[in-house]
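Remarks on the structure that follows.
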């Protein structure tokens, strides 16, 4: 019987297999070699037509559409979802804090989580960066009640 593969004997492949198992256990995402070449627009369209249509309210889908058209589409629709960095998303959310209400920024962030988690479940990207994206802290907004001490 002729040996096949690059490890013809059991003693040759056992150490290589053990090394690979250690590597995979240390970094499970290394099993997926690279991100799939799919744009954010394609992921969003697939999410709306294959999932959201069946388990979301129509008003929610309308809100998703508005958030996508106004915030994600102009900047990232044509880019591969795996190529978008967490810092880009965070910088964008932080830039909105000067002109938009905190609750609105949080809703954009939640929508981003929905889309990125859908892409992760479909295995379109090697690493899901959305958990690294944070929302700016809520500042004191106009009309918010403030309590002052006697010294103030």
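Numbering (this note's numbering), first residue to last: 58 to 209. Glycine included, every Cβ here is placed at the ideal spot set by N, Cα and C. Since we're looking at a predicted model, the values are computed, not measured.
Can you tell me where the alpha helix (DSSP H) holding residue 120 begins and where it ends? For the purposes of this step, residue 120 is taken as residue 63 along the chain shown, with counting starting at 1. Here the alpha helix (DSSP H) through residue 120 covers 115-124.
Looking at C-beta atoms only, is the number of pairs between the stretch 97-105 and the stretch 174-183 that lie closer than 8 Å three or more? yes
Whole-angstrom C-beta distance between residue 139 and residue 101, which should lie under 8 Å: Reading the chain shown from its first residue, position 44 is the one you call residue 101. Reading the chain shown from its first residue, position 82 is the one you call residue 139. That belief does not hold up - the Cβ atoms of residue 101 and residue 139 are roughly 14 Å apart, past 8 Å.
Looking at the strands, I want to know which residues DSSP matches up with residue 96. Counting from one through the chain shown, the residue named residue 96 turns up at place 39. For residue 96, which the question treats as bridged, DSSP gives the partners 137.
Going by C-alpha to C-alpha distance, which of 155, 121, 134 sits closest to residue 167? The residue you call residue 167 lines up with position 110 of the chain shown. Ranking 155, 121, 134 by Cα distance to residue 167 puts 121 first.
With three or more C-beta pairs closer than 8 Å as the rule, is the stretch 152-164 touching the stretch 187-195? yes
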